[in-house]
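One structure below.
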Amino acid sequence: LDKFKEASNVIVANRFEPSLEDVSNKVYSRDIFKRD
Numbered sequence: 151l152d153k154f155k156e157a158s159n160v161i162v163a164n165r166f167e168p169s170l171e172d173v174s175n176k177v178y179s180r181d182i183f184k185r186d
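Residue numbers (my numbering): 151 to 186.
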């Protein structure tokens, strides 16, 4: 996961997971409240 985060400019995710917290500036998600 760390290599993926480092290599990615943009990450599209269905849900915002705690493991994405360190790259939140790269994450685009419909989960605007960071919950289901």
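By construction, the Cβ of each residue, glycine as well, lies at the ideal position given by its N, Cα and C atoms.
Which of the three DSSP states is assigned to residue 158 in this structure? coil
Quick check: residue 173 and residue 182, are their CB atoms within less than 8 Å of each other? no
For the candidate residues 177, 170, 178, 180, whose alpha-carbon lies nearest to that of residue 152? 170
Taking the beta strand (DSSP E) that residue 169 belongs to, which residues open and close that run? Run containing residue 169: none; DSSP gives neither H nor E here.
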